[in-house]
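Numbering (my numbering), first residue to last: 484 to 541.
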Ligand SMILES: [Zn+2]
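Here it is, written out as structure tokens:
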């Protein structure tokens, strides 16, 4: 098993450098397929981002 099976809970906002939090929690045992997009919202500028998860393998 690898601990790199899904998107992070928090990413850096590309707009202001703040923290964007994942809007939809993902279960630890969930299988995230590459190409799936996840919504994030920035705590600082309140912008919403959709991040497409892409796996390194494959
Ligand atoms: Zn921001």
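A virtual CB, placed ideally from N, CA and C, is assigned to each residue, including glycine.
Please read all numbers here as calculations on a predicted model, not as lab measurements.
Less than 8 Å between the beta carbons of residue 521 and residue 490, yes or no? As a position in the chain shown, residue 521 is number 38, starting the count at 1. As a position in the chain shown, residue 490 is number 7, starting the count at 1. Cβ atoms of residue 521 and residue 490: closer than 8 Å.
Given that a residue counts as buried once 16 or more other Cβ atoms are within 10 Å of its Cβ, and exposed if not, what is residue 503? Walking along the chain shown from the start, residue 503 turns up at place 20. It counts as buried.
Residue 506 and residue 492 closer than 8 Å at C-beta: Within the chain shown, residue 506 is the residue found at index 23, counting from 1. Within the chain shown, residue 492 is the residue found at index 9, counting from 1. Contact flag unset, no.
If we ignore side chains and look at the alpha-carbon of each, how far apart do residue 488 and residue 535 end up? Translated into positions along the chain shown, residue 488 becomes position 5. Translated into positions along the chain shown, residue 535 becomes position 52. Straight-line Cα distance between these residues: approximately 13 Å.
Which residues mark the beginning and the end of the beta strand (DSSP E) in which residue 552 is found? Residue 552 lies beyond the residue range present for the chain, which begins at 484 and ends at 541; the question has no answer from this structure.
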